[in-house]
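In this note's numbering, the protein residues as written are 26 to 408.
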């Protein structure tokens, strides 16, 4: 069977779904591997590295995909309505695996089904010990949290760490991280390593121990409601309006003292919660920086804009697109391994064939379409 990896063509996407190291692993499973020319050029994976690992380089997307049994992608393929019909290039019966954004692009699911494409969306990998090696949200969020602190440091006009010099003392920066998921915890750790005084907030009381273990102070309103603030998958739940008001009041007082705020709060399938109001921005110190990792889902900060650095009330608000892609080499490496671990799960031992167990809990969770129908319970239309 043939695995094909096309070049990513969506704007601001520099990652690639396969690396030379994982090419070797797929070959060991018995698969033939073909990669579109230039697919890894922005992730430090030139064509010659793929050839050396055993892959075939194909210069034309249509030729690459016309006989591909498995297609690996970072982002979902483009549709006809977007000006380039990548979905139409996939052969009927192919298996498409990638971050397919089913919540934001539900219409594509019907197109996949009509074209008899089996689709597996990596964002839906369950948060379970068995699935950790396939968890792309964790691998990519980890890097996003790290890069967010570096981007904040770039925009901040001062140092992070305390420095004592003959000319005087430079005080440490104060950094607050909003949301203590994977991205938030990495942001805490990175800011702490750079010498900042770090605090963090989350609606889940269970996050306290993790936050404090990284050297940060935990800030939250604790109520009966927060005892049920976490989903079975480990994500934060949407909180009541009363809780939001109380938490906002606490944050408003805390944020006045901060130099940098990193926003990481996301709820799967929902708009990002608004955590920093315009009134809060007005109280921040001149020269402060806000980095909004949730900007592409509506944003945690009232004035953040997708793809822009906005300055308001002497505060810089950073809204970079696709943060993992800004650290594309490592992001591609981790993502490619996540994909390989999934493909290995659904493959026979070493004969280059699929052996999908449709009763497997991971397979059931991530499969969107199969045999001409939308089969995922979260996205299938009710009869």
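Even glycine gets a Cβ: it sits at the ideal position worked out from N, Cα and C.
Can you tell me where the beta strand (DSSP E) holding residue 193 begins and where it ends?
193-195
If you measure between the beta carbons of residue 314 and residue 285, is that distance less than 8 Å?
yes
Can you tell me whether residue 86 is helix, strand or coil according to DSSP?
helix
In this structure, does DSSP put residue 372 in helix, strand or coil?
strand
Distance between beta carbons of residue 42 and residue 123, contact taken as under 8 Å
7 Å
Going by DSSP in three states, residue 59 sits in which element: helix, strand or coil?
strand
Quick one: is residue 193 buried, meaning 16 or more other Cβ sit within 10 Å of its Cβ, or exposed?
exposed
In the DSSP assignment, find the beta strand (DSSP E) that holds residue 336 and state where it starts and stops.
334-337
How is residue 365 classed by DSSP in three states: helix, strand or coil?
helix
Can you look up residue 123 in the DSSP assignment and give me helix, strand or coil?
strand
Could you please give me the residues that DSSP links to residue 326 through a beta bridge?
301
Alpha carbon to alpha carbon, how far is residue 184 from residue 173?
16 Å
With distances taken Cα to Cα, identify the nearest neighbour of residue 279 among 291, 243, 69.
243
Return yes when the Cβ of residue 199 is within less than 8 Å of the Cβ of residue 281, no when it is not.
no
Same chain only: Cβ atoms within 7 Å of residue 32, ignoring 5 sequence neighbours per side
61, 63, 64
Do residue 150 and residue 97 come within 8 Å of each other at the CB atom, strictly closer than that value?
no
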